[in-house]
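Remarks on the structure that follows.
In the working numbering, the protein residues as written are 571 to 812.
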């Protein structure tokens, strides 16, 4: 792997985006405007503006959950339209500025100083690691990796090493995997602790996108050994020969 190229891409992602999605510990759509604003500020940032959310969307940031933005606006970013999210449209699904700031949604935060990482990859094989690996990752880490293939190819995801914060509810440090841009039916699982997850293979060659999301919550003071995993793509024809 070309470390210099990977670092450059991460820096571009941080400068172009710096945006991440946040929900309450109690679940989806639990934050008033004041609470969403406080969450972002507690983590060193602020609520994202519409333009900041759109900049993140343009480099692959896709979340099927409406959240507060700056100035009381609510919406969510859609990269690929689907039947379960976005009304079949792409772009920012905009609910407009809400007069009732007591409505409960999620939050979209912007933190240009957060050590964010991730990117959109099309390589046949890619190893990517938690920030700072093999050292402990710092607080406030947010990473999105989107893997895209040509039509008819599958993605094989293997975890080579895995040791995160041990949390029964998986709310502190975790890795999430999605099998497509459909955040409802595409959700594969959320992983935390030190048990090595099993290999994950795309279920449908027509869904040629997989997303990996790594979140480290700075509210937890304890830091564990970081995670490492490898991405590998393989075509249907290759699978038949195995």
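Here a beta-carbon is modelled for each residue, glycine too, at the ideal position from N, C-alpha and C. Keep in mind that this is a model prediction, so the values were computed, not measured.
Look at the alpha carbon of residue 628 and the alpha carbon of residue 738, and state the distance between them as a whole number of angstroms.
Translated into positions along the chain shown, residue 628 becomes position 58. Translated into positions along the chain shown, residue 738 becomes position 168. Going by the C-alpha atoms only, they are around 34 Å apart.
Count the other CB atoms within 10 Å of the CB of residue 732; is the residue buried (16 or more) or exposed (fewer)?
If you number the chain shown from 1, residue 732 lands on position 162. The residue in question, residue 732, is buried, as its Cβ has 16 or more Cβ neighbours within 10 Å.
Which same chain residues end up closer than 6 Å to residue 615 when comparing Cβ atoms and leaving out the 5 residues on each side of it in sequence?
Mapped onto the chain shown, residue 615 falls at position 45. Around residue 615: 679, 680, 681.
Are residue 727 and residue 692 close, meaning C-beta to C-beta below 9 Å?
Here residue 727 corresponds to residue number 157 of the chain shown, with the count starting at 1. Here residue 692 corresponds to residue number 122 of the chain shown, with the count starting at 1. Contact flag unset, no.
Touching by the beta-carbon criterion (3+ pairs, under 8 Å), the segment 646 to 666 and the segment 598 to 610:
no
Could you check where the beta strand (DSSP E) with residue 730 kicks off and where it finishes?
Stepping through the chain shown from its first residue, residue 730 is reached at position 160. 723 to 731 is the span of the beta strand (DSSP E), which, as asked, contains residue 730.
With respect to the beta strand (DSSP E) encompassing residue 649, which residues constitute its N-terminal and C-terminal limits?
Working through the chain shown from its first residue, we reach residue 649 at position 79. First-last for residue 649: undefined, no H or E at that position.
For residue 776, which of helix, strand or coil comes out of DSSP?
Walking along the chain shown from the start, residue 776 turns up at place 206. Residue placement at residue 776 is flagged as unreliable, the pLDDT there being 48, under the threshold of 50; a coordinate-derived value is accordingly withheld.
In or out: residue 750 buried (at least 16 other Cβ within 10 Å) or exposed?
Here residue 750 refers to the residue found at position 180 of the chain shown. Flag for residue 750 reads buried.
With distances taken from CA atoms, which of 748, 734, 607 is nearest residue 632?
Counted from its first residue, the chain shown places residue 632 at position 62. The shortest C-alpha separation from residue 632 is found at 748.
Could you give the DSSP three-state label for residue 791: helix, strand or coil?
One-based indexing of the chain shown puts residue 791 at position 221. The pLDDT assigned to residue 791 is 30, lower than 50, so where the model puts this residue is not dependable; a value taken from the coordinates is nonetheless given after this. Residue 791: coil per DSSP, three-state reduction.
Work out the CA separation of residue 742 and residue 760 for me, nearest whole Å.
Here residue 760 refers to the residue found at position 190 of the chain shown. Here residue 742 refers to the residue found at position 172 of the chain shown. Each residue's alpha carbon lies about 11 Å from the other.
Tell me, to the nearest whole angstrom, how far the beta carbon of residue 671 is from that of residue 637; I am working on the premise that it is less than 8 Å.
Here the question's residue 671 lines up with position 101 in the chain shown. Here the question's residue 637 lines up with position 67 in the chain shown. With 8 Å as the limit, residue 671 and residue 637 do not qualify as a contact, their Cβ atoms being about 14 Å apart.
So what does residue 634 bridge to, in DSSP terms?
As a working note, residue 634 is residue 64 in the chain shown. DSSP lists no partner for residue 634.
Closest to residue 766 by C-alpha separation, out of 757, 736, 772, would be which residue?
Position 196 of the chain shown, counting from 1, holds the residue named residue 766. Taking only the C-alpha atoms, the option nearest residue 766 is 736.
Of all the options 594, 698, 604, which has the alpha carbon lying nearest to the alpha carbon of residue 635?
As a working note, residue 635 is residue 65 in the chain shown. If we check each option's Cα against that of residue 635, 594 comes out closest.
Tell me the rounded alpha-carbon separation between residue 659 and residue 649.
Translated into positions along the chain shown, residue 659 becomes position 89. Translated into positions along the chain shown, residue 649 becomes position 79. Using only the alpha carbons, I get a separation of about 9 Å.
Residues near residue 758 by beta carbon distance below 7 Å, same chain, minus five either side
For the purposes of this step, residue 758 is identified with residue 188 of the chain shown, where counting begins at 1. Taken in chain order, the residues that qualify are 747, 748, 749, 770.
Specify, as a first and last residue, the run of the beta strand (DSSP E) that residue 610 falls within.
Within the chain shown, numbered from 1, the residue matching residue 610 stands at position 40. From DSSP, residue 610 is part of no beta strand (DSSP E) but of the alpha helix (DSSP H) over 603 to 612.
Can you say whether residue 612 is buried or exposed, counting buried as having 16 or more other CB atoms within 10 angstroms of its CB?
Residue mapping note: residue 612 aligns to position 42 of the chain shown, counting from 1. That one is exposed.
Buried or exposed by the 16-neighbour rule on C-beta atoms within 10 Å, applied to residue 722
The residue given as residue 722 occupies position 152 in the chain shown. Residue 722 comes out exposed.
Tell me whether residue 667 is buried or exposed, calling it buried when 16 or more other Cβ atoms sit within 10 Å of its Cβ.
Taking the chain shown and counting its residues from 1, the one referred to as residue 667 is at position 97. When all chains shown are included, residue 667 counts as exposed.
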